[in-house]
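My numbering applies: residue 4 is where the sequence shown begins, and numbers increase by one. To start, the structure under review is shown below, and the notes come after it.
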Amino acid sequence: MAPHTDILALAVHRREDGAFERLVEQFEQQLFNYVYRLIQNVHDAQEVVQDTFLRAHKALTRQYDETRCTALLVRPWLYRIARNLAMNKRRGLRSRIEQPLPAEEHVGFNPAVRPPALLCSIETREELERLDRALAELPVEARELVFLRFIEEMSYAEIAKTTGLGESVLRGKVFRSLRQLRDTLASNEETAHAV
């Protein structure tokens with residue numbers, strides 16, 4: 004995927020017809036899912052994604068020379084922009100009520116793209132909802148890392164570029180985040196059986 008999208012960034016830089024629209028089409032739903040996981044508010048997530056593309060367009064068409072566009076890894080770069088904007092937005096949202104979004108809308112994968120292995124292993128809507136609730140209960144950083152690694156299937160190198168953390172630190176944090184998710188799922192399962 005990377006070479007195609009990186010060529011797409013160069014096409015945006017060169018202002019080729021439809022290039023930016025293709026970039027938005029390819030990443031809009033993925034970025035929305037990611038940002039929503041961070042700030043858990045539909046309207047604000049949509050706003051952050053829109054701002055992400057505005058900044059990306061400005062940077063690609065004005066700031067970067069062609070050499071830099073060629074070397075740019077678009078996916079982690081877009082996620083980094085979205086992450087920074089989401090964290091800024093999150094600081095301003097602390098007192099606002101969170102808006103739940105149905106689980107099937109979180110996933111919202113493009114059918115032309117192979118869904119992540121984690122989601123392929125989920126057989127029922129109830130399992131997807133349990134996973135979604137458990138993810139929502141995790142601290143923001145843990146939720147973000149699990150989402151990037153196992154839903155978006157990013158490599159540790161891509162996650163490092165997105166978050167600014169070192170790869171070795173990430174591996175430990177992802178391991179602990181998975182353990183937290185497993186514990187949360189088990190706790191929720193016990194609570195459900197007790198009721």
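From the three backbone atoms N, C-alpha and C, an ideal C-beta is built for every residue, glycine too.
Item                                                                                                                  : Value
L41 versus E24, G95, Y159, residue with shortest Cα-Cα distance                                                       : G95
Within 8 Å, strictly: CB atoms of A137 and L81                                                                        : no
Secondary structure of T127, DSSP reduced to three states                                                             : coil
Burial state of V52 (16 or more Cβ within 10 Å)                                                                       : buried
V110 to F150 span [Cα, whole Å]                                                                                       : Residue placement at V110 cannot be trusted, given a pLDDT of 42 that sits under 50; what the coordinates show is reported in the next sentence. Between V110 and F150, the C-alpha separation is close to 11 Å.
Short Cβ contact (8 Å threshold) for A84 with T55                                                                     : The displayed chain sequence assigns Ile, not Ala, to residue 84. Taking 8 Å as the Cβ cut-off, I84 and T55 qualify as a contacting pair.
L151, DSSP secondary structure in three states                                                                        : helix
Selection from R78, G21, R65 that minimises the alpha carbon distance to A34                                          : Reading off the sequence shown, one finds Leu at residue 34, where the question assumed Ala. Taking only the C-alpha atoms, the option nearest L34 is R78.
Cβ-Cβ separation, D20 to K92 (assumed contact under 8 Å), whole Å                                                     : 32 Å between Cβ atoms; not a contact.
8 Å contact criterion, which Y159 and E144 should meet: CB distance rounded                                           : About 15 Å; that fails the 8 Å criterion.
Sequence-distant residues of the same chain with beta carbon closer than 7 Å to P114, five excluded per side          : Low confidence applies here, because P114 scores a pLDDT of 37, under 50, leaving its location unreliable and the question unanswered by this model.
N- and C-terminal bounds of the alpha helix (DSSP H) containing L168                                                  : Neither: L168 is in no alpha helix (DSSP H) and is coded neither H nor E.
Neighbourhood of L168 by C-beta distance below 8 Å, restricted to the same chain and skipping five residues each side : I162, K176
First and last residue of the uninterrupted alpha helix (DSSP H) at Q53                                               : 45 to 61
Close-in-space but distant-in-sequence residues of the same chain around V38 (CB under 7 Å, 5 per side omitted)       : A48, V51, V52, A85, A89
For A62, the nearest candidate out of A12, E155, T187 (CA to CA)                                                      : A12
DSSP three-state assignment for P79, whether helix, strand or coil                                                    : helix
S190 versus I154 - alpha carbon distance                                                                              : 22 Å
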